[in-house]
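If you read the protein sequences in the order shown, they are chains X and F. The numbers in the working numbering rise by one with no breaks, and the one at position 104 of the first sequence is 109. The numbers in the working numbering rise by one with no breaks, and the one at position 11 of the second sequence is 14. C-beta atoms are modelled at their ideal positions from N, C-alpha and C, and glycine is treated no differently. Reading through the structure tokens given below for one structure.
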Amino acid sequence: MPSQKPPESQLESRRDSISERASDWIRRFIEQFEISFVDTSHSLRADANISDYQDATVRAMIQTLLESGMNTESLVETIGRVLIEGRPGSVQWNSKLNQRRFVLIDKEIQESLTPVERIELAGLTKIMREQVESEASLPMEGARALHRKLLELEAKD
Amino acid sequence: MNENAQVRVDVEAAKALARWKALFAAEVCERAKGLAAQSSQPQAVTLSHYRQAAKIALQSLSAAIHKGDVPDAEPEAA
Chain X
6 MPSQKPPESQ LESRRDSISE RASDWIRRFI EQFEISFVDT SHSLRADANI SDYQDATVRA
66 MIQTLLESGM NTESLVETIG RVLIEGRPGS VQWNSKLNQR RFVLIDKEIQ ESLTPVERIE
126 LAGLTKIMRE QVESEASLPM EGARALHRKL LELEAKD
Chain F
4 MNENAQVRVD VEAAKALARW KALFAAEVCE RAKGLAAQSS QPQAVTLSHY RQAAKIALQS
64 LSAAIHKGDV PDAEPEAA
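Below, the structure is given as structure tokens:
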């Protein structure tokens, strides 16, 4: 089947690219991350294993993110959300996720929540909050106009 | 015993390398942006721009390290 070749200008605009700001940010982040990693790993034993390096990496990553201005709550929520998004299936807020959140809240109240579950709960809360906020930003003017009209009709009756 | 396991890298050396890499990357980005600005598409920095910029940045980084112009340690707190 013949296909029309898009104009050169369209090809250019489709080229994968990142913004200069993103490029600058990640460059500075990597520099700080590397320095943080050196700080967190210099005390490791000579026979340290991959698990020790992973531990030092996570510590350095968290330290660098916090130093970049991210707060702890946002960091935990984002990690939780990313882990949930990594699961197969949709991450749209639904009754199953809501139910899971209630289970975790119950465990939190009973003080039986594990650290992993705490991160999951933070992630679920973030997804739920984003869903609520996106619903709050829906255009409501039409609904308000209809509501006003119904009130006016009721007043006339 | 594995002799490699005995090798230790000074913290200041590891940090200096991180800074040199960052400086090199910053130099490449800046020079590539300048090259793009002179091209027909000033808003698009390409791999070709980075290649050209990297060659110049390598030389200037080398000279800066040789002269000791590159900060290889964190500034001391006042």
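Along the chain, where does the alpha helix (DSSP H) that runs through R22/F open and close?
14-40
Please confirm whether I124/X has its beta-carbon closer than 7 Å to some beta-carbon of chain F.
no
What number of angstroms, rounded off, separates the C-alpha of R123/X from the C-alpha of Q9/F?
40 Å
Give me the Cβ distance between T62/X and F34/X, rounded to the nearest whole Å; I'm assuming they're in contact under 8 Å.
Not confirmed; about 14 Å, so no contact.
Applying the criterion that 16 or more other CB atoms from any shown protein chain within 10 Å of the CB defines a buried residue, is I31/X buried or exposed?
exposed
Compare the C-beta of A17/F against all C-beta atoms of chain X and say whether one is closer than 7 Å.
yes
Is the beta carbon of A39/F less than 7 Å from the beta carbon of H52/F?
yes
Rounding to the nearest angstrom, what Cα-Cα distance links P120/X and G85/X in this structure?
11 Å
Does the Cβ-Cβ distance between E1/X and A21/F come in under 7 Å?
Examination of residue 1/X is not possible in this model, given that chain X is present from 6 through 162 alone.
Cα-Cα separation between R34/F and P93/X, rounded to whole angstroms:
43 Å
Does any CB atom of chain F fall closer than 7 Å to the CB of I40/X?
yes
Count the other C-beta atoms from every protein chain shown that fall within 10 angstroms of the C-beta of V12/F, then say buried if there are 16 or more, exposed otherwise.
exposed
Relative to the alpha-carbon of A19/F, which residue among D44/X, S24/X, D21/X has its alpha-carbon at the smallest distance?
D44/X
Assigned exposure category for A160/X - 16 Cβ within 10 Å defines buried:
exposed
Report yes if the CB atom of F27/F is closer than 7 Å to the CB atom of L64/F, and no otherwise.
yes
I want to see whether chain X comes within less than 7 Å of A21/F, judged by CB atoms only; does it?
yes
Indicate the three-state DSSP secondary structure (helix, strand or coil) for M66/X in the structure shown.
helix
By the 10 Å Cβ neighbour count, where 16 or more other Cβ atoms means buried, how is T69/X classified, buried or exposed?
buried
Contacts that A29/F makes with chain X (C-beta to C-beta distance below 7 Å):
R32
For the region 96-121 of chain X, list the alpha helix (DSSP H) runs that are entirely contained and at least 4 residues long, ordered along the chain.
100-114
Could you have a look at A160/X and say whether DSSP puts it in helix, strand or coil?
helix
From what residue to what residue does the alpha helix (DSSP H) around T45/X run?
25-46
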